[in-house]
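Enquirer: Following this message is one structure expressed as structure tokens.
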Amino acid sequence: MLTIPFIRANSEITIQGLTKKHVANASEIVHQLIAMDDQRKSLLQQAESALEISNAAAKEIGSLMQSGQKELAEVKRAETAALKGTIREKEEAAKAAEKQMLDLLVTLPNLPHSSVPKGKTAEENEVILTWGSLPNMQVDAQPHWDLIKKYDIIDFDLGNKITGAGFPVYKGKGARLQRALINFFLDEAIKVGYYEIQPPILINEDSGFGTGQLPDKEGQMYVTKEEGLFLIPTAEVPITNLYRDVIVNEKELPIKNVGHTPCFRREAGSWGAHVRGLNRLHQFDKIEIVQIHKPETSYQALEEMSLHVQGLLQKLNLHYRVLRLCGGDMGFASALTYDMEVWSGAQNRWLEVSSVSNFETFQANRLKLRTKVDGKSILCHTLNGSALALPRIVAALLENNQGPDGIKIPEILVPYTGFTHIN
RNA sequence: AGAGGGGUGUCCGAGUGGUUUAAGGAGCACGCUUGGAAAGCGUGUGUAGGUCUCAAGCUUACCGAGGGUUCGAAUCCCUUCCCCUCUACCA
Numbered sequence: 004m005l006t007i008p009f010i011r012a013n014s015e016i017t018i019q020g021l022t023k024k025h026v027a028n029a030s031e032i033v034h035q036l037i038a039m040d041d042q043r044k045s046l047l048q049q050a051e052s053a054l055e056i057s058n059a060a061a062k063e064i065g066s067l068m069q070s071g072q073k074e075l076a077e078v079k080r081a082e083t084a085a086l087k088g089t090i091r092e093k094e095e096a097a098k099a100a101e102k103q104m105l106d107l108l109v110t111l112p113n114l115p116h117s118s119v120p121k122g123k124t125a126e127e128n129e130v131i132l133t134w135g136s137l138p139n140m141q142v143d144a145q146p147h148w149d150l151i152k153k154y155d156i157i158d159f160d161l162g163n164k165i166t167g168a169g170f171p172v173y174k175g176k177g178a179r180l181q182r183a184l185i186n187f188f189l190d191e192a193i194k195v196g197y198y199e200i201q202p203p204i205l206i207n208e209d210s211g212f213g214t215g216q217l218p219d220k221e222g223q224m225y226v227t228k229e230e231g232l233f234l235i236p237t238a239e240v241p242i243t244n245l246y247r248d249v250i251v252n253e254k255e256l257p258i259k260n261v262g263h264t265p266c267f268r269r270e271a272g273s274w275g276a277h278v279r280g281l282n283r284l285h286q287f288d289k290i291e292i293v294q295i296h297k298p299e300t301s302y303q304a305l306e307e308m309s310l311h312v313q314g315l316l317q318k319l320n321l322h323y324r325v326l327r328l329c330g331g332d333m334g335f336a337s338a339l340t341y342d343m344e345v346w347s348g349a350q351n352r353w354l355e356v357s358s359v360s361n362f363e364t365f366q367a368n369r370l371k372l373r374t375k376v377d378g379k380s381i382l383c384h385t386l387n388g389s390a391l392a393l394p395r396i397v398a399a400l401l402e403n404n405q406g407p408d409g410i411k412i413p414e415i416l417v418p419y420t421g422f423t424h425i426n
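If you use the numbering used here, the first sequence corresponds to residues 4 to 426, in order.
Here you go:
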């Protein structure tokens, strides 16, 4: 969430930023917000000055009662009783004005970083680097949805039976490959200083608000019927919310956390030709890295996180590219996002496997996540990234490494899997 | 899940309708003292909003959260969350 003082002081920058993110009527909205804030302030002042009078009178009545001057106290009481209505009225009006303003404010996305390219669709994302080269594919190379059947390692039909579409069952070497990837990714993160967290995978409404899923995107999350808890769409939500309503000691920054969780996405309405097999699921596993920084170090951290993710892909010897997302393709809360895509040899297309973002103060403002610098409390910057999401990595590994003697496991994973081939 | 007891500032802890402007203690910071330190003494010590050119000051809210009663609520009432003890259940 953007802050009102920022918007007031930088209304032109705000309008330009929102326009880059393709918010319609940005200028109108910004001016409306400022007017609403003026209204809120004025009402608040009126309520507070009435309260001040009433507080003073109450105190006076108190001391009159104590000294036995009951009659004088009664007179005073009758006088102040009349104030009650005014106070209530003004307070309610101020609260309503504030709510109206916040309701509008929460609908605004974060402002993009200056390096974010203009553009509306995924085609306009900027490719900033490509690593490796196209895998040598045999002529009859099969897509992963055929390979998983051939080797009986991932079973969609069983998933359909026990749950529904998009909930695969991993079996035998398929299950062990999952476990190997999870441990590999966690170990690599821990090696470079991340602290492992195992969070709950159900979260409450406050947490959903804190990281920007609520209000608005509840349609993308599963909810429990009795408690109204949400199944997490990513570990970002619980791990970042660990710091909700926290003033972090400056010395503890930066904070670097990593966690593995299953992720649940309803993906309502997004099924189609390009989402076969492991390309898009309702439940999948992901290792997420989360960092909390002082403002001046967050962009350096973003680059470091991007390099960490790239290092994982290089160790797995996957041909990949890095994109800088354009204004229209970026997430709601992000100021700058890099997407990593791996080449899927049999589908002949790039698959997004990671998204690394700096949210600057956007989440921190919702979370009330602050630190103190020179005695003043300031909002922290939050960042996160997938390092990595499993299904599309599995898809690419299966497709790119298939051969006559089965699927070759990348060397670095063999100590984790305990086998060299799936066959 | 049932019965009972709780939730107060950085921490401990007092406080059941009116100088509470949240006592007292500890911690922390600064100062005095000291050869240096400790002890001692003194001062300060939260968050958010408003007012203000800045600062100071003034002011409003905050005693788990939300609502209510009252001229006045940490204190009374309602709702809700969390913690502890016992019982039940369970991995």
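Here a beta-carbon is modelled for each residue, glycine too, at the ideal position from N, C-alpha and C.
The model shown is predicted, which means the values in this text are computed figures rather than measured ones.
Within 10 Å of its beta-carbon, does residue 78 have 16 or more other beta-carbons around it, so buried, or fewer, so exposed?
Expert: Taking the first sequence and counting its residues from 1, the one referred to as residue 78 is at position 75. Per the 10 Å Cβ criterion, exposed.
Enquirer: Just the Cα atoms here: how many angstroms apart are residue 150 and residue 402?
Expert: Your numbering for residue 150 matches position 147 in the first sequence. Your numbering for residue 402 matches position 399 in the first sequence. Near 8 Å, if we compare the C-alpha coordinates of residue 402 and residue 150.
Enquirer: Report back the beta-carbon spacing between residue 368 and residue 384 to the nearest angstrom; my notes put them in contact at under 8 Å.
Expert: Taking the first residue of the first sequence as position 1, residue 368 is located at position 365. Taking the first residue of the first sequence as position 1, residue 384 is located at position 381. In fact, because the Cβ distance is near 11 Å, the residues do not count as touching under 8 Å.
Enquirer: Counting C-beta neighbours from all protein chains within 10 Å, is the total for residue 58 16 or more, i.e. buried, or is it exposed?
Expert: Position 55 of the first sequence holds residue 58. Residue 58 is exposed by the Cβ-count criterion.
Enquirer: In this structure, what does DSSP give as the bridge partners for residue 405?
Expert: For the purposes of this step, residue 405 is identified with residue 402 of the first sequence, where counting begins at 1. BP columns for residue 405 point to 410.
Enquirer: Specify, as a first and last residue, the run of the beta strand (DSSP E) that residue 230 falls within.
Expert: As a first step, residue 230 must be located in the first sequence, where it is residue number 227. Counting along the chain, residue 230 falls outside any beta strand (DSSP E), and DSSP gives it neither H nor E.
Enquirer: What does a CB cutoff of less than 8 Å around residue 245 pick up in its chain, not counting 5 residues either side in sequence?
Expert: The count along the first sequence starts at 1 and reaches residue 245 at position 242. Counting only Cβ-Cβ distances below 8 Å, and skipping sequence neighbours, we find 200, 202 and 260.
Enquirer: Leaving out five residues before and five after residue 46 in sequence, what residues of the same chain have Cβ atoms less than 7 Å from its Cβ?
Expert: As a working mapping, residue 46 is identified with position 43 in the first sequence. Same-chain partners within the cutoff: 93, 96, 97 and 100.
Enquirer: To test your reading of the DSSP string, which unbroken beta strand (DSSP E) runs of 3 or more residues are found completely within the segment 88 to 137?
Expert: 129 to 134
Enquirer: Once DSSP output is grouped into helix, strand and coil, what is the label at residue 252?
Expert: What you label residue 252 is simply residue 249 of the first sequence in a count that begins at 1. It is coil, neither helix nor strand.
Enquirer: According to DSSP, which residues form a beta bridge with residue 267?
Expert: Locating residue 267 in the first sequence gives position 264, counting from the first residue. According to DSSP, residue 267 bridges with 286.
Enquirer: According to DSSP, is residue 81 part of a helix, a strand, or is it coil?
Expert: Here residue 81 refers to the residue found at position 78 when the first sequence is read from its first residue. Correct three-state label for residue 81: helix.
Enquirer: List the endpoints of the continuous alpha helix (DSSP H) containing residue 45.
Expert: Start at 1 with the first residue of the first sequence, and residue 45 comes out as number 42. Run containing residue 45: 29 to 69, per the alpha helix (DSSP H) assignment.
Enquirer: Thinking C-alpha only, which one of 348, 424, 39 and 415 is nearest residue 186?
Expert: Residue numbering aside, residue 186 sits at position 183 when the first sequence is read from its first letter. The candidate whose alpha carbon is nearest that of residue 186 is 415.
Enquirer: Work out the CA separation of residue 17 and residue 373 for me, nearest whole Å.
Expert: Translated into positions along the first sequence, residue 373 becomes position 370. Translated into positions along the first sequence, residue 17 becomes position 14. Taking the straight line joining both Cα atoms gives about 22 Å.
Enquirer: Could you please give the first and the last residue of the uninterrupted alpha helix (DSSP H) stretch that includes residue 20?
Expert: The residue labelled residue 20 in the question sits at position 17 within the first sequence. Per DSSP, residue 20 belongs to the alpha helix (DSSP H) from 14 to 23.
Enquirer: Ends of the beta strand (DSSP E) at residue 341?
Expert: Along the first sequence, one-based indexing puts residue 341 at 338. Note, residue 341: beta strand (DSSP E), 339 to 347.
Enquirer: CB-CB under 6 Å to residue 177, same chain, minus the five flanking residues each way: which ones, in chain order?
Expert: Translated into the one-based positions of the first sequence, residue 177 becomes position 174. These residues qualify, in order along the chain: 156 and 157.
Enquirer: Mind checking residue 143: buried by the 16 CB within 10 Å criterion, or exposed?
Expert: Indexing the first sequence from 1 puts residue 143 at position 140. The residue in question, residue 143, is exposed, as its Cβ has fewer than 16 Cβ neighbours within 10 Å.
Enquirer: Our contact map puts residue 363 next to residue 113 with C-beta atoms below 8 Å; I'd like the distance itself, whole angstroms only.
Expert: Translated into the one-based positions of the first sequence, residue 363 becomes position 360. Translated into the one-based positions of the first sequence, residue 113 becomes position 110. Confirmed, Cβ separation roughly 7 Å.
Enquirer: Measure from the alpha carbon of residue 40 to the alpha carbon of each residue in 231, 9 and 301, then state which is nearest.
Expert: Your numbering for residue 40 matches position 37 in the first sequence. Answer by Cα proximity: 9.
Enquirer: State buried or exposed for residue 209, treating a residue as buried only when at least 16 other CB atoms are found within 10 Å of its CB.
Expert: Taking the first residue of the first sequence as position 1, residue 209 is located at position 206. Residue 209 is exposed by the Cβ-count criterion.
Enquirer: Within a Cβ cutoff of 6 Å, which residues of the same chain sit near residue 319, ignoring the five residues on either side of it in sequence?
Expert: Your numbering for residue 319 matches position 316 in the first sequence. So the qualifying residues of the chain are 413.
Enquirer: Looking only at DSSP bridge pairs, what is residue 199 linked to?
Expert: As a first step, residue 199 must be located in the first sequence, where it is residue number 196. DSSP, once it has assigned bridges, lists 261 as partnering residue 199.
Enquirer: Shortest alpha-carbon distance to residue 315 belongs to which of 204, 400, 283 and 161?
Expert: For the purposes of this step, residue 315 is identified with residue 312 of the first sequence, where counting begins at 1. Residue 400 is the option with its Cα nearest to residue 315.
Enquirer: Hey, residue 330 and residue 115: beta-carbon distance below 8 Å or not?
Expert: In the first sequence, counting from the first residue as 1, residue 330 sits at position 327. In the first sequence, counting from the first residue as 1, residue 115 sits at position 112. Closer than 8 Å, so yes.
Enquirer: Pick helix, strand or coil for residue 166, following the three-state DSSP scheme.
Expert: Locating residue 166 in the first sequence gives position 163, counting from the first residue. The three-state secondary structure of residue 166, taken from DSSP, is coil.
Enquirer: Just curious, the beta strand (DSSP E) that residue 451 is in, first and last residue?
Expert: In the structure displayed, the chain extends from 4 to 426; residue 451 sits before or after that span and is not available.
Enquirer: According to DSSP, residue 374 sits in a beta bridge with which residue or residues?
Expert: The residue given as residue 374 occupies position 371 in the first sequence. The partner list for residue 374 (beta bridge, DSSP) reads 251 and 381.
Enquirer: With burial defined as no fewer than 16 other Cβ atoms inside 10 Å of the residue's Cβ, what is the status of residue 141: buried or exposed?
Expert: Start at 1 with the first residue of the first sequence, and residue 141 comes out as number 138. By the 10 Å Cβ count, residue 141 comes out exposed.
Enquirer: My guess is that residue 14 and residue 26 are in contact by the Cβ rule of under 8 Å, so how many angstroms apart are they, rounded?
Expert: Numbered from its first residue, the first sequence carries residue 14 at position 11. Numbered from its first residue, the first sequence carries residue 26 at position 23. Not a contact, Cβ separation roughly 14 Å.
Enquirer: Determine the DSSP secondary structure at residue 312, reduced to helix, strand or coil.
Expert: Within the first sequence, the letter at position 309 stands for residue 312. In this structure, residue 312 counts as helix in the three-state DSSP scheme.
Enquirer: Report whether the distance from the Cβ of residue 123 to the nearest heavy atom of the ligand MG is below 7 Å.
Expert: As far as ligands go, the structure on display features none, and thus does not contain the ligand MG.
Enquirer: Mapping the DSSP letters down to three states, classify residue 294 as helix, strand or coil.
Expert: Stepping through the first sequence from its first residue, residue 294 is reached at position 291. Strand.
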